[in-house]
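Asker: So the sequence shown is numbered by full-length UniProt numbering: it starts at 206 and just counts up by one. Glycine residues also receive a C-beta, built at the ideal position from the N, C-alpha and C atoms.
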Amino acid sequence: DWTMAEFRATKIAEIREQVGDGKVICGLSGGVDSAVAAVLIHEAIGDQLTCVFVDHGLMRMNEAEQVVTLFRDHYNIPLVHVDAEELFLSGLAGQTDPEKKRKFIGGAFIDLFEAEAKKIGGADFLAQGTLYPDVIESVSFTGGPSVTIKSHHNVGGLPERMNMKLVEPLRELFKDEVRELGRELGLPEIFVGRHPFPGPGLAIRIPGEVTKERCDILRKADAIYLDEIRKAGLYDAIWQAFAVLLPVRTVGVMGDHRTYDSVCALRAVTSTDGMTADVYPFDAGFLTQCATRIVNEVKGINRVTYDYTSKPPGTIEWE
Ligand code: XMP
206 DWTMAEFRAT KIAEIREQVG DGKVICGLSG GVDSAVAAVL IHEAIGDQLT CVFVDHGLMR
266 MNEAEQVVTL FRDHYNIPLV HVDAEELFLS GLAGQTDPEK KRKFIGGAFI DLFEAEAKKI
326 GGADFLAQGT LYPDVIESVS FTGGPSVTIK SHHNVGGLPE RMNMKLVEPL RELFKDEVRE
386 LGRELGLPEI FVGRHPFPGP GLAIRIPGEV TKERCDILRK ADAIYLDEIR KAGLYDAIWQ
446 AFAVLLPVRT VGVMGDHRTY DSVCALRAVT STDGMTADVY PFDAGFLTQC ATRIVNEVKG
506 INRVTYDYTS KPPGTIEWE
């Protein structure tokens, strides 16, 4: 029967004990887990921690700015912001295979991260926001460990390559507990309550080739969808909601002219750990409102569909 305040104090003592006077590097993804891990570790060891945010240009609307602002202004925690949009987009050019996209992004991320670690003279520890379900999922996932459904993007492989030990203070926690710890540490609600976001970002929500133009189109549609969800008071009832930009064009009519533009799919699921998920049952009127706004406000999209697939057999992300 422990409280989050006690958990915080215990973990801080453990981190100090483990790290000693070593240097720790922590990659921030923009998500809740890595942010909570970083803030907790910073409280324990201060400037022995270096946070690195690799901005791959595949973030949602305004997300990169929010991460930088949270760390630099709200917490005054030094943050290395690596602007790598061009590198990622050029590497993704012409690439349409989901696993190749994931592997390129994971590999490029590790290279950039390693380069930043070298700049600070190397690090003894790598901090990760690994949660309890991540520990479970890497051991057994639908079909057992021999079946790779998706190559998850994280910093796996880095510890050996860089000869580092792991600091994973959230390993015993579930998502709702991490959020509670985040609140205990004073993280703003916009961060704490945020839906999970995959490491490869929008690249896996754009089946087919990823381009800057398609990322921009998707960001706009996604922002409208999330805006409607927040306005309807549904954001916290949903595990994840996002738009997907399909590599399909269909014919439409706007005013008195023909359009020939992309289709956007909307997805929303409820879940407790991402391992299984149910479709969120919006009212038809709500979805119509989202579709109308997206087609009217986003140039490049002229049709909107809703994804009614639960997990399993679907996965949450489309790639
Ligand atoms: P799937 O699509 O496998 O996703 O049903 C389950 C949960 O994991 C997230 N996801 C990822 N998270 N790196 C991450 O950190 C990844 O490569 C990745 N791929 C999927 C997904 O958003 C969902 O919450």
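So does the segment 318-331 actually touch the segment 355-369, counting three or more Cβ pairs closer than 8 Å?
Answerer: yes
Asker: Would you say residue 402 touches ligand 1, meaning its beta carbon is less than 8 Å from a heavy atom?
Answerer: Position 197 of the sequence shown, counted from the first residue, corresponds to residue 402. Yes; taking the cut-off as 8 Å, the Cβ of residue 402 has a heavy atom of ligand 1 nearer than that.
Asker: Who does residue 223 pair with in a DSSP beta bridge?
Answerer: Counting from 1 along the sequence shown, the entry for residue 223 is found at position 18. For residue 223, which the question treats as bridged, DSSP gives no partner whatsoever.
Asker: Count Cβ pairs between the segment 299-313 and the segment 266-284 that sit closer than 8 Å; are there 3 or more?
Answerer: no
Asker: Give, in chain order, every unbroken run of the beta strand (DSSP E) that is at least 3 residues long and sits entirely within the segment 259-309.
Answerer: 284-288
Asker: Report the rounded CA-to-CA distance for residue 374 versus residue 223, giving the unit in angstroms.
Answerer: As a working mapping, residue 374 is identified with position 169 in the sequence shown. As a working mapping, residue 223 is identified with position 18 in the sequence shown. Whole-angstrom Cα-Cα distance: 11 Å.
Asker: Hey, out of 260, 358, 518 and 336, whose CA is closest to residue 409's CA?
Answerer: Your numbering for residue 409 matches position 204 in the sequence shown. Proximity to residue 409 across 260, 358, 518 and 336 peaks at 358, based on C-alpha coordinates.
Asker: With contact counted as at least three CB pairs below 8 Å, one residue from each stretch, are the segment 378-387 and the segment 223-232 in contact?
Answerer: no
Asker: Between residue 508 and ligand 1, is the CB less than 8 Å from at least one heavy atom?
Answerer: For the purposes of this step, residue 508 is identified with residue 303 of the sequence shown, where counting begins at 1. Residue 508 Cβ: outside cutoff for every heavy atom of ligand 1.
Asker: Taking residue 491 as part of the alpha helix (DSSP H), name the residues at either end of that continuous run.
Answerer: Translated into positions along the sequence shown, residue 491 becomes position 286. First-last of the alpha helix (DSSP H) with residue 491: 489-502.
Asker: If you draw a straight line from the C-alpha of residue 470 to the C-alpha of residue 238, how long is it?
Answerer: Taking the first residue of the sequence shown as 1, we reach residue 470 at position 265. Taking the first residue of the sequence shown as 1, we reach residue 238 at position 33. Roughly 27 Å between the two C-alpha positions.
Asker: Beta strand (DSSP E) containing residue 386: first to last residue?
Answerer: Along the sequence shown, read from residue 1 onward, the residue named residue 386 stands at position 181. Unbroken run through residue 386 is the alpha helix (DSSP H), 380-389; no beta strand (DSSP E).
Asker: Compute the distance between the beta-carbons of residue 422 and residue 503, then report whether it is under 9 Å.
Answerer: Stepping through the sequence shown from its first residue, residue 422 is reached at position 217. Stepping through the sequence shown from its first residue, residue 503 is reached at position 298. Cβ atoms of residue 422 and residue 503: closer than 9 Å.
Asker: Should residue 243 be labelled buried (16 or more other beta-carbon atoms within 10 Å of its own) or exposed?
Answerer: The residue labelled residue 243 in the question sits at position 38 within the sequence shown. It counts as buried.
Asker: What residue range does the alpha helix (DSSP H) around residue 397 cover?
Answerer: The residue given as residue 397 occupies position 192 in the sequence shown. Counting along the chain, the alpha helix (DSSP H) containing residue 397 begins and ends at 394-397.
Asker: Grab the span of the beta strand (DSSP E) containing residue 467 for me, first residue to last.
Answerer: Position 262 of the sequence shown holds residue 467. Note, residue 467: beta strand (DSSP E), 462-475.
Asker: Distance, Cα to Cα, residue 406 vs residue 210?
Answerer: By 1-based counting over the sequence shown, the position of residue 406 is 201. By 1-based counting over the sequence shown, the position of residue 210 is 5. If I take the Cα positions, the gap works out to 33 Å.
Asker: DSSP three-state call for residue 317: helix, strand or coil?
Answerer: Taking the sequence shown and counting its residues from 1, one reaches residue 317 at position 112. Here residue 317 sits in helix by DSSP.
Asker: Closest to residue 511 by C-alpha separation, out of 451, 477 and 478, would be which residue?
Answerer: Residue numbering aside, residue 511 sits at position 306 when the sequence shown is read from its first letter. If we check each option's Cα against that of residue 511, 451 comes out closest.
Asker: State the start and end residues of the unbroken beta strand (DSSP E) segment that holds residue 371.
Answerer: For the purposes of this step, residue 371 is identified with residue 166 of the sequence shown, where counting begins at 1. From DSSP, the beta strand (DSSP E) with residue 371 extends over 370-372.
Asker: Let me check understanding here. Comparing Cα to Cα, which of 251, 236 and 230 lies closest to residue 217?
Answerer: Walking along the sequence shown from the start, residue 217 turns up at place 12. Checking every option, the nearest Cα to that of residue 217 belongs to 251.
Asker: What do you get for residue 347, buried or exposed, if any count of 16 or more other CB atoms within 10 angstroms of its CB means buried?
Answerer: Within the sequence shown, numbered from 1, the residue matching residue 347 stands at position 142. Reliability of the predicted coordinates at residue 347 is poor, the pLDDT of 44 falling under 50, and the value obtained from them is presented with this limitation in mind. With fewer than 16 other Cβ atoms within 10 Å, it is exposed.
Asker: Is any heavy atom in ligand 1 found nearer than 8 Å to the beta carbon of residue 306?
Answerer: Position 101 of the sequence shown, counted from the start, is the residue given in the question as residue 306. For ligand 1, not one heavy atom lies less than 8 Å from the Cβ of residue 306.
Asker: Hey, out of 516, 327 and 465, whose CA is closest to residue 445's CA?
Answerer: As a position in the sequence shown, residue 445 is number 240, starting the count at 1. Out of 516, 327 and 465, 516 has the C-alpha closest to the C-alpha of residue 445.
Asker: State the CB to CB distance for the pair residue 230 and residue 322, rounded to an integer number of angstroms; the pair is presumed to be in contact (CB under 8 Å).
Answerer: Indexing the sequence shown from 1 puts residue 230 at position 25. Indexing the sequence shown from 1 puts residue 322 at position 117. 5 Å between Cβ atoms; contact.
Asker: Using the beta-carbon count (16 or more within 10 Å), is residue 279 buried or exposed?
Answerer: Walking along the sequence shown from the start, residue 279 turns up at place 74. Residue 279 is exposed by the Cβ-count criterion.
Asker: Pick from 507, 274 and 288: whose alpha carbon is nearest that of residue 464?
Answerer: Taking the first residue of the sequence shown as 1, we reach residue 464 at position 259. Closest by alpha carbon: 507.
Asker: According to DSSP, what are the bridge partners of residue 352?
Answerer: For the purposes of this step, residue 352 is identified with residue 147 of the sequence shown, where counting begins at 1. Listed as beta-bridge partners of residue 352 by DSSP are no residues whatsoever.
Asker: Please classify residue 333: does DSSP put it in a helix, a strand, or coil?
Answerer: Working through the sequence shown from its first residue, we reach residue 333 at position 128. Residue state, collapsed to three classes: coil.
Asker: Report all residues from its chain with a CB closer than 7 Å to the CB of residue 447; omit the five preceding and five following residues, and keep chain order.
Answerer: Indexing the sequence shown from 1 puts residue 447 at position 242. Closer than 7 Å at the Cβ level, and outside the excluded window around residue 447, lie 410, 427 and 472.
Asker: Taking the DSSP output, what are the residues bridged to residue 409?
Answerer: One-based indexing of the sequence shown puts residue 409 at position 204. DSSP output for residue 409 lists no bridge partner at all.
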